[in-house]
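Numbered per our numbering, the sequence shown finishes at 1477, counting up by one with no gaps.
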Amino acid sequence: MPPVESESATQRLRLGAALRQEDRVLPLELFFDLVFVLAITQCTTLMSHHTTWEGLGQGMLVLGLLWWSWTAYAWLTSVVDPEEGGVRIALFAAMAAFLITAICVPEAFGSLATEFAVAYGAVRFAQIFLLAIAGRDDRTFRRSVTGLGIGTTIGVALLIAGSFLDPGAQAAVWGLALVLDMGEPYLFGSEGWHLVPGHFAERHGLIVIIALGESIVAIGLGAGAHLSWGIAAAAALGIGVVAAMWWAYFDIVALVSARRLIRAPRGRVQNELARDSYSYIHFLLVAGVILLALGLKKGIGHPTDPLEDVPAFALVGGVAVYLLGLVAFRYRHIHTVNRRRSAVALLLFALYPLATEVSALAMLALLNVLLWTMVAIETRSYGEGRDEVRHGDAAPGSQPA
């Protein structure tokens, strides 16, 4: 929990930012996340308009930038109360900048590259400004915010400079900017960050739901205004895949991992666990779902035809990346590997050539068989421990799936 404030500090913070005191995700945070919904939808649009390997890489790079800006606000609202003081107005302004960023996404490697970079910079600097206000009385926290500000300034400068280059060079410079920005937390330490762990875990769980919702939207967009028995069957199978992915995370993993974060020693240990397992590893979950959304969007409209190379990889590779993200999530928490999920992920990568030969409908059916078989075996293997986790409090030694 944040440190106790002095009376004078409280008076100052009321003018700017009040420190957070509760675990639950607040309505304004969910309102803010609606802009992120549009942003990740636009990433799918970017890739669907350029269904090449280059377009796939561009979409993932832009998604990485958008994710890092969103997770920055997840840290912000775990420090300050988003509905108190000037934070509410500042978040509205950040939403406007984030919305402009999202609008630019489909042309982020074209005519709106500079506009994307400038709007993205506005989103990031608004977060740093609020953190600086909140941490003005905490020397260690100020040091962390200063480091974040340095990393963000370098990253945004590279984005703006890269926006004037050709797409290939632009991607290289933007990739460097993302690596440097995401690597900054390792350079300036984690001791000074404040964290409300229950809120932080819930916020990331909700963003996984938002990403899964994008895959459902992709099914509708892929079908368009048409409906046939094939499209209906593909849509149902697509929902089946998304539901299995939801189960793989929310049935046990999200619950146990959140409790582990809450019980972790406060300070450096807890902050680094949050940074690694949520800020970094959850990007793999979101990226996997967005890749799946691309495959679904391209496959639903013509379910009896095979998918082309890139959408076929997105379909099977997206689910594989999601599962590997869950494997990494478990490893970061308890340093063991889920061999079952690892094997299914590797099998999915191996099935890529098949995905370009058989119909999208057949591939969706196979995905359902693999995922739901995995879910059934895992659920059975949990035994009574599953009920203890879901309907009671997980024991300290409980392991995420």
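Every residue gets a Cβ at the ideal spot worked out from N, C-alpha and C, and that includes glycine.
All values derive from a computational prediction rather than experimental measurement.
1) Suppose contacts are defined by Cβ-Cβ distances below 7 Å. Is F1405 in contact with S1457 by that definition?
2) Once DSSP output is grouped into helix, strand and coil, what is the label at S1124?
3) Roughly how many angstroms lie between the CA atoms of P1261 and T1229, to the nearest whole one?
4) Using CA coordinates, which residue listed in F1112, V1318, L1331 is at the minimum distance from E1464?
5) Can you tell me the Cα-Cα spacing of V1155 and F1185, whole angstroms?
6) Considering E1454, what are the terminal residues of the alpha helix (DSSP H) in which it resides?
7) Buried or exposed: where does S1304 fall if 16 or more other Cβ atoms within 10 Å of its Cβ makes it buried?
8) Going along the chain, which residues of its own chain have a beta-carbon closer than 8 Å to the beta-carbon of I1116, five neighbours each way excluded?
9) Hey, H1411 and H1358: beta-carbon distance below 7 Å or not?
10) Quick one: give me the first and last residue of the alpha helix (DSSP H) that E1290 is part of.
11) Is the beta carbon of L1383 closer than 7 Å to that of G1375?
12) Give the secondary structure of V1465 by DSSP, where H, G and I count as helix, E and B as strand, and everything else as coil.
13) Who are the near neighbours of M1439 in its chain, counting only those whose CB is closer than 6 Å to its CB and skipping five residues on each side?
14) Would you tell me roughly how many angstroms separate the C-alpha atoms of A1419 and F1240, rounded to the nearest one?
15) In this structure, what does DSSP give as the bridge partners for P1382?
16) Output yes or no for whether 7 Å exceeds the beta carbon distance between D1099 and V1272.
17) If you run the structure through DSSP and keep just helix, strand and coil, what is V1345?
18) Could you have a look at A1184 and say whether DSSP puts it in helix, strand or coil?
19) What does the Cβ neighbour count give for P1379, buried or exposed, with the cut at 16 atoms within 10 Å?
20) Kindly indicate which residue of A1369, G1306, V1101 has the alpha-carbon position closest to the one of G1135.
21) So D1352 is in the alpha helix (DSSP H); what residue range does that whole segment cover?
22) Can at least three beta-carbon pairs, one atom from the segment 1337-1357 and one from the segment 1292-1302, be found at a separation below 8 Å?
23) From what residue to what residue does the alpha helix (DSSP H) around F1359 run?
24) Quick check on F1168: buried or exposed, where buried means 16 or more other Cβ atoms within 10 Å of its Cβ?
25) Buried or exposed for L1263, please, with buried defined as at least 16 other CB atoms from any protein chain shown within 10 angstroms of its CB.
26) In this structure, how does DSSP classify E1081 when only helix, strand and coil are distinguished?
27) Distance check for F1326 and A1277, CA to CA, integer angstroms please.
28) In angstroms, rounded to a whole number, what distance separates the CA positions of I1179 and V1451?
29) Is A1310 buried or exposed, if buried means 16 or more other CB atoms sit within 10 Å of its CB?
Reading it off the structure:
1) By one-based count along the sequence shown, residue 1405 stands at place 329. By one-based count along the sequence shown, residue 1457 stands at place 381. No, the pair does not count as a contact, with Cβ atoms beyond the cut-off.
2) Against the sequence shown, residue 1124 aligns to sequence position 48. Note: S1124 maps to helix in three-state DSSP.
3) As a first step, residue 1261 must be located in the sequence shown, where it is residue number 185. As a first step, residue 1229 must be located in the sequence shown, where it is residue number 153. Cα-Cα distance, rounded: 14 Å.
4) Within the sequence shown, the letter at position 388 stands for residue 1464. Out of F1112, V1318, L1331, L1331 has the C-alpha closest to the C-alpha of E1464.
5) As a working note, residue 1155 is residue 79 in the sequence shown. As a working note, residue 1185 is residue 109 in the sequence shown. Answer to the nearest angstrom: the Cα atoms are 34 Å apart.
6) Stepping through the sequence shown from its first residue, residue 1454 is reached at position 378. Looking at the DSSP string, the run of the alpha helix (DSSP H) that includes E1454 is 1436-1458.
7) In the sequence shown, the residue the question calls residue 1304 occupies position 228. It counts as exposed.
8) Within the sequence shown, the letter at position 40 stands for residue 1116. Answer for I1116: L1139, L1142, I1286, A1287, E1290, V1362, I1366, listed in chain order.
9) Start at 1 with the first residue of the sequence shown, and residue 1411 comes out as number 335. Start at 1 with the first residue of the sequence shown, and residue 1358 comes out as number 282. No. Outside cutoff.
10) By one-based count along the sequence shown, residue 1290 stands at place 214. That run of the alpha helix (DSSP H) goes 1273-1299.
11) Along the sequence shown, one-based indexing puts residue 1375 at 299. Along the sequence shown, one-based indexing puts residue 1383 at 307. Taking 7 Å as the cut-off, the Cβ atoms of G1375 and L1383 count as close.
12) Reading the sequence shown from its first residue, position 389 is the one you call residue 1465. Of the three classes helix, strand and coil, the one that applies to V1465 here is helix, per DSSP.
13) Within the sequence shown, numbered from 1, the residue matching residue 1439 stands at position 363. Within the same chain, M1439 has close Cβ partners A1431.
14) Along the sequence shown, read from residue 1 onward, the residue named residue 1419 stands at position 343. Along the sequence shown, read from residue 1 onward, the residue named residue 1240 stands at position 164. If I take the Cα positions, the gap works out to 43 Å.
15) Taking the first residue of the sequence shown as position 1, residue 1382 is located at position 306. BP columns for P1382 point to S1435.
16) Taking the sequence shown and counting its residues from 1, one reaches residue 1099 at position 23. Taking the sequence shown and counting its residues from 1, one reaches residue 1272 at position 196. In this structure, V1272 lies closer than 7 Å to D1099 by Cβ.
17) For the purposes of this step, residue 1345 is taken as the residue at position 269 of the sequence shown. Reduced to three states, the DSSP call for V1345 is helix.
18) Locating residue 1184 in the sequence shown gives position 108, counting from the first residue. The answer is coil: DSSP assigns A1184 none of H, G, I, E or B.
19) Your numbering for residue 1379 matches position 303 in the sequence shown. Result: buried.
20) Against the sequence shown, residue 1135 aligns to sequence position 59. For G1135, the closest alpha carbon among the candidates A1369, G1306, V1101 is that of A1369.
21) Start at 1 with the first residue of the sequence shown, and residue 1352 comes out as number 276. Taken as a continuous stretch (DSSP letters only), D1352 belongs to no alpha helix (DSSP H), as it is neither H nor E.
22) no
23) Here residue 1359 refers to the residue found at position 283 of the sequence shown. Run containing F1359: 1357-1376, per the alpha helix (DSSP H) assignment.
24) For this step, residue 1168 is matched to residue 92 along the sequence shown. Exposed, since its Cβ has fewer than 16 Cβ neighbours within 10 Å.
25) As a first step, residue 1263 is located in the sequence shown; it is residue number 187 there, counting from the start. Classification of L1263: exposed, given that the 10 Å Cβ count is below 16.
26) If you number the sequence shown from 1, residue 1081 lands on position 5. Residue confidence is low: E1081 scores 40 on pLDDT, short of 50, so the model does not pin down where it sits. Its coordinate-derived value is still stated next. Reduced to three states, the DSSP call for E1081 is coil.
27) Counting from one through the sequence shown, the residue named residue 1277 turns up at place 201. Counting from one through the sequence shown, the residue named residue 1326 turns up at place 250. A direct Cα-to-Cα measurement between A1277 and F1326 gives close to 12 Å.
28) One-based indexing of the sequence shown puts residue 1179 at position 103. One-based indexing of the sequence shown puts residue 1451 at position 375. Cα to Cα, I1179 sits roughly 38 Å from V1451.
29) Taking the sequence shown and counting its residues from 1, the one referred to as residue 1310 is at position 234. By the 10 Å Cβ count, A1310 comes out buried.
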